[in-house]
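Worksheet: one structure, shown below.
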Amino acid sequence: MRITHLGHACLLVEMADTRVLVDPGTFADDFGSLRDLDAVLVTHQHPDHLDPERLPGLLGANPDALVLCDPMSVEVLAGLGVEAREHGGAATTVGAVTVTPVGDQHALIHDELPRITNVGVRLDAAGEPSFFHPGDALDAEPGAVDVLAFPLQAPWQRSREMTAFLRRLGAPHAVPVHDGLLQRRGRDLYLGQAERLGSASTRIHDLAGAGPVEFRAGD
């Protein structure tokens, strides 16, 4: 498995000869040049996870990519001229990768704001590490996973909730995402808390600006 952090919540996951892009939003770096995508997964409709301006062009350049998303994003994407499919509670096979939806609701931001759907995604393939991206929620139960993407900072998340999420899942490897609102010093602070106060059995891999990074099953 190779993972490339493209900024904020956006990750390119390459495993079992399958290329999957997760949450291409407005805070992500340039993803418009990506080609040969097999799937684009959108956890929810917020612009920092679903870029309404760049996503249609990306999919136009990747016409064979399957678009899978949460229930409420189907209509949003249809309004952009993008044909998307709701997970529907069942796993989907993309190439040699099984995409399993996990969770159903965005974390609470404020009592006066209506909550929207949010569906995290678990990826599995024979001989590859398992992977989970939660989107914007910390209550999902993906089971044991090898590589966990975790929100580093968000308006809906306290630091102690982030570290509790890392402790609860206890993945061998974790990749920080959802960091687009942080300047350098703040980012270092949150990373330090993830490393010191998260799971003792989890190694934090900061992939920002690192390009493709490889993860192997059993490591």
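Residue numbers (this note's numbering): 12 to 230. Beta carbons are placed, not taken as given, at the ideal position from N, Cα and C, and that holds for glycine. From a predicted model like this one, the values you see are computed outputs, not experimental measurements.
Close-in-space but distant-in-sequence residues of the same chain around L193 (CB under 6 Å, 5 per side omitted): Q164, listed in sequence order.
Inter-residue Cα distance where the pair is E152 and F142: E152 and F142: Cα-Cα distance of roughly 13 Å.
D199, DSSP secondary structure in three states: D199: helix per DSSP, three-state reduction.
Cβ shell of G146 (< 6 Å), same chain only, five flanking positions each side left out: Excluding positions up to five away in sequence, the list reads T54, H55, N129, G131.
Cβ separation of L79 and L45, assumed to be a contact under 8 Å, to the nearest whole Å: 17 Å between Cβ atoms; not a contact.
Extent of the continuous beta strand (DSSP E) to which V245 belongs: No statement about residue 245 is possible, as the shown extent of the chain runs from 12 to 230 and does not include it.
First and last residue of the uninterrupted beta strand (DSSP E) at M26: Boundaries of the beta strand (DSSP E) harbouring M26: 22 to 26, taken from the DSSP string.
Contacts around T213, its chain only, beta-carbon distance under 6 Å, and the 5 residues preceding and following it disregarded: Residues L177, A182, A185 of the same chain have their beta carbon placed closer than 6 Å to that of T213, with the five preceding and five following residues left out of the count.
Beta-carbon spacing of L91, L52 below 8 Å: No, the Cβ-Cβ distance between L91 and L52 is not below 8 Å.
S210 versus T109 - alpha carbon distance: Looking at the two C-alpha atoms, the distance is approximately 27 Å.
Collapsed DSSP secondary structure at F42 in the structure displayed: Three-state DSSP puts F42 in coil, outside helix and strand.
Residues sharing a beta bridge with T29, DSSP: Per DSSP, M26.
Cβ distance (whole Å) where A95 is taken to contact V85 below 8 Å: The beta carbons of A95 and V85 sit about 5 Å from each other, so the pair counts as a contact at 8 Å.
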